[in-house]
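Quick notes on the structure that follows.
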Amino acid sequence: MNLTIEKVSKSFGDKKALRNINLEITTGVYAILGANGSGKTTLMRILASVMKPCSGRVLLDGQDITIMGQKYRDVIGYLPQHVGLYKNFTAEKFLLYIAALKGISNERARKKVNEVLELVGLSEHRKGRVGKFSGGMKRRVGIAQALLNDPKILIVDEPTAGLDPKERIRFRNLLSEIASNRIVLLSTHIVSDIEYIAKEVLILKEGQLIQKQPPLDLLKGIEDKVWTVTVSENEITHFQSMYKVGNITRVENKVQLRIVSDTKPHQNAMNENPNLEDLYLYYFDEEVA
Ligand SMILES: Nc1ncnc2c1ncn2[C@@H]1O[C@H](COP(=O)(O)OP(=O)(O)OP(=O)(O)O)[C@@H](O)[C@H]1O
Ligand SMILES: [Mg+2]
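For the sequence shown, position 136 matches number 150 in my numbering, and the numbering has no gaps at all.
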């Protein structure tokens, strides 16, 4: 299976949300990492075929998805960034309802609903009202609805936002399991999400795809750019104005700054092994997620 994105651009008025995206995707988890407004949702909506690009095209195994139409939508599962769940429905009833909307026959729907509830670990809560579920459980209902049609391509927009660490780990493992024979595309600005499960990380910045690499290779790319510097408290602002400063640790009467910089920020600076937070800091100017 091969999803090809060819010269895709999208503007809203004079706002360029995506600029000439070229990309090839096969099975596995692909993580789209980017700051707010970088174009993640726009790209996912185009891939989910709920929005058309202004120019360029998307091909599945060589076929233009706009020409494939319903045939393409049949292989897509999509969990939007903001989903409305029907609060008074039970998990089971909600999924049966979505299955009906997707045109899945009654008998098959019952079977699929059982299957997806099992897969997301909600079988025991099938009679529970969605409105009373925790954030993580709601997300799992969201994933379950996206899986009803057995999609070959699963697109999930910020699936772990608002989840506690335990729920986030469960959710990551679930996505990783799902991706064994499918394409899973997920967007996030939580760096730890991608560390374990992503086959490749796609970094979007202001609508441009600036990096596409496995997480470890991305880290290698900044190997000699991460430093710690020990200074006194009143020097912090100086370094913050000059460099991208991450963690600030207090040690006795000094502070240790973690800095991401192409050049050595101080003669006493020591090189450190990069992590994904450093990577985020390197590519994006704002605060570490
Ligand atoms: N329907 C729309 N109408 C006008 N502008 C839009 C629309 N959708 C997105 N944009 C703009 O396009 C840019 C990219 O938005 P997008 O939602 O794709 O970013 P994002 O990376 O998903 O951000 P976030 O992390 O906040 O979800 C933003 O500047 C946004 O304001
Ligand atoms: Mg978004």
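From the three backbone atoms N, C-alpha and C, an ideal C-beta is built for every residue, glycine too.
Contact holds between the region 189-203 and the region 36-48, because three or more Cβ pairs, one in each stretch, are under 8 Å apart. It is roughly 25 Å from the alpha-carbon of Ile-112 to the alpha-carbon of Leu-74.
Per DSSP, reduced to three states, the secondary structure at Thr-244 is strand.
Of all C-beta pairs linking the region 124-141 to the region 58-74, fewer than three are shorter than 8 Å, placing the two stretches out of contact.
Check the Cα spacing between Tyr-100 and each of Asp-276, Val-259, Lys-146, Pro-279: the tightest is with Lys-146. Restricting attention to Asn-267, Leu-17, Leu-131, the CA atom closest to the CA of Val-89 is found in Leu-17.
Look at Asp-171: its beta carbon is less than 7 Å from one of the heavy atoms in ligand 2. Residue burial is scored here from C-beta neighbours: Asn-102 has fewer than 16 other C-beta atoms within 10 angstroms and is therefore classed as exposed. With fewer than 16 other Cβ atoms from the protein chains shown falling within 10 Å of its own Cβ, Thr-80 counts as exposed. In this structure, the alpha-carbon of Met-284 lies about 37 Å from that of Ile-35. Two segments are said to touch when three or more pairs of C-beta atoms, one from each, lie closer than 8 Å; by this definition the region 266-285 touches the region 223-243. Here the distance from the Cβ of Gln-254 to the nearest heavy atom of ligand 1 is not below 7 Å.
Its Cα nearest to that of Val-64, the residue Ile-169 stands out among Ile-169, Lys-226, Asn-187. Cβ neighbours of Tyr-257 within its own chain (closer than 6 Å, five residues either side excluded): Ile-273, Ser-275, Pro-279.
Residues lining ligand 2 by the Cβ criterion, that is a Cβ closer than 5 Å to any of its heavy atoms, are Lys-54, Thr-55, Gln-95 in chain order. The C-beta distance from Leu-115 to Val-127 rounds to 13 Å, too long to meet the 8 Å contact threshold.
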